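380 is the number of the first residue of the sequence shown in the numbering used here; add one for each residue after it.
One structure is given here, and the rest of the page talks about it.
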Amino acid sequence: MVFLKKRWRTSSGTLRGAVWMILAGACFAGLGVTIRLSVADIDILEVIFFWNFFNLILMLPWLWHIGWVGLRTQRLGLHALRSINGLVAMFFWFTAVTMLPLAEATSLGFTAPLFATMGAALFLSEDVRLRRWVAVGAGFLGTLIILRPGIEIISPGAILMIVGAVFVAISFLLVKVLSRTEPPNTMVLYMSLLITPVSAIPLIWVWEMPHGLVWLWLLGVGASATCGHLCFTRAMASADASAVLPYEYVRLIFVAIIAFFLFGEVPDLWTWLGSVVIFGSGVYIANREAAAFKSGRKMKLLAAQASGKTSKL
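Here it is in structure tokens:
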């Protein structure tokens, strides 16, 4: 054990990031499974509440440790908007997971970064050049390969998942804006604080006391979501996004294996082919964004150095 700890500490950031991202993929694969098992007995809206409730419970020790300073914010309205948007995204995502084969749902969910790239160009005035637009177009081509419109009837579940991916993309953009002034833990805390009471309102109409194994599935929803986000955060902190994000797509392999053994689902050739196209597009976009970020940071550093030299003169 000591040897493994030493090897872990001395390993490269990229290797650690890859391991964390693969673990995140396993957790998120488990999330889809536990959601499907939960909604077999209780309403989707109740499952959404318990997800947020368990997230809030896990955040309270951090708030207790750091004190009220953790609630300081300059963007309360934006936090509220992100929370409402997140609740809508959850509803579409949860519903789609119950209607689609898990591998197909996961593949279509990977379109969120494509929508986020479009939104960043349209609403945040980010410089998205031709090659990234081509990559976005290729990603949506992968979506068409999976859906095969005109050959297959597009299912309501697929439509819900794509709509959910749009709302997830909006969340990405809101996080980009919030991160300019808000620390990550504050963003997570406000998400939990604001969304939990709102998600409790529908319980007036749909509440049903969970029983037996349902409690286990609900705990699995909360635990897999929280662990997945923690692993994802550690992965992003360990190395450049372009180095670790490609490993996020390992989630599809976990999903395919679990879905086969638990639900007897076998992804067809078109789902795998479309997923590969979406995967390639996502990896290219991640690499280009990382390169643009490094270039911008370098330009700022050079400008600061030039300014310092000028002031000395």
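Beta carbons are placed, not taken as given, at the ideal position from N, Cα and C, and that holds for glycine.
Computed from a predicted structure; not experimentally measured.
{"Asked": "Sequence-distant residues of the same chain with beta carbon closer than 6 Å to A484, five excluded per side", "Found": "A475, V476, M540"}
{"Asked": "With 16 other Cβ atoms within 10 Å as the buried cut-off, status of V656", "Found": "buried"}
{"Asked": "Chain-order list of residues whose beta-carbon lies under 7 Å from that of F502 (same chain, five-residue window excluded)", "Found": "L552"}
{"Asked": "W441 CB to nearest heavy atom of the ligand SAM below 8 Å", "Found": "Absent from the structure shown: the ligand SAM. Ligands present: none."}
{"Asked": "Cα-Cα separation, L592 to I421", "Found": "12 Å"}
{"Asked": "Reference V547, options A491, T452, I423, closest by Cα", "Found": "A491"}
{"Asked": "CB of F432 within 9 Å of CB of T565, strictly", "Found": "no"}
{"Asked": "Exposure label - I445; buried when at least 16 CB within 10 Å", "Found": "exposed"}
{"Asked": "Cα-Cα separation, V554 to C406", "Found": "22 Å"}
{"Asked": "For I664 and A500, the rounded distance between their alpha carbons", "Found": "13 Å"}
{"Asked": "Reduced DSSP secondary structure (H/G/I, E/B, other) of E587", "Found": "coil"}
{"Asked": "Nonlocal neighbours in the same chain, by C-beta distance under 8 Å from R527, ignoring five residues either side", "Found": "W649"}
{"Asked": "Cβ shell of S534 (< 6 Å), same chain only, five flanking positions each side left out", "Found": "none"}
{"Asked": "Collapsed DSSP secondary structure at W399 in the structure displayed", "Found": "helix"}
{"Asked": "9 Å Cβ cutoff met for F473 and P589", "Found": "no"}
{"Asked": "DSSP bridge partner residues for E531 (one or two, in chain order)", "Found": "P528"}
{"Asked": "Among F639, A482, Y626, M497, the one whose alpha carbon lies nearest that of S654", "Found": "A482"}
{"Asked": "C-beta atoms of L487 and S660 nearer than 9 Å", "Found": "no"}
{"Asked": "When I414, R395, D647, G396 are compared against I524, the one with the closest alpha-carbon", "Found": "D647"}
{"Asked": "Distance between A544 and A537 (C-alpha atoms, nearest Å)", "Found": "11 Å"}
{"Asked": "Inter-residue Cα distance where the pair is S462 and L568", "Found": "11 Å"}
{"Asked": "Neighbour-count burial assignment, A635, 16 or more Cβ in a 10 Å radius", "Found": "buried"}
{"Asked": "Cα-Cα separation, V515 to W443", "Found": "43 Å"}
{"Asked": "Integer Cβ distance of L439 from V577, believed to fall under 8 Å", "Found": "No, L439 and V577 are not in contact; Cβ-Cβ is about 18 Å, not under 8 Å."}
{"Asked": "Secondary structure of L479, DSSP reduced to three states", "Found": "coil"}
{"Asked": "Limits of the unbroken alpha helix (DSSP H) element including F494", "Found": "491 to 502"}
{"Asked": "Rounded Cβ spacing between R454 and L572 (contact assumed at less than 8 Å)", "Found": "Between L572 and R454 the Cβ distance is about 14 Å, and since that is not below 8 Å, they are no contact."}
{"Asked": "Buried or exposed (CB count within 10 angstroms, at least 16 for buried), I583", "Found": "exposed"}
{"Asked": "Inter-residue Cα distance where the pair is A517 and P581", "Found": "39 Å"}
{"Asked": "Helix, strand or coil at R559 [DSSP, three-state]", "Found": "coil"}
{"Asked": "Close Cβ partners of E561 (< 7 Å) along its chain, the five nearest in sequence each way excluded", "Found": "T452, R454"}
{"Asked": "Beta-carbon proximity list for M400, same chain, < 6 Å, skipping 5 on both sides", "Found": "A614, V623, Y626, E627"}
{"Asked": "The alpha helix (DSSP H) enclosing L641, as first and last residue numbers", "Found": "629 to 642"}
{"Asked": "For F611 and A403, believed in contact at Cβ under 8 Å, the rounded distance", "Found": "4 Å"}
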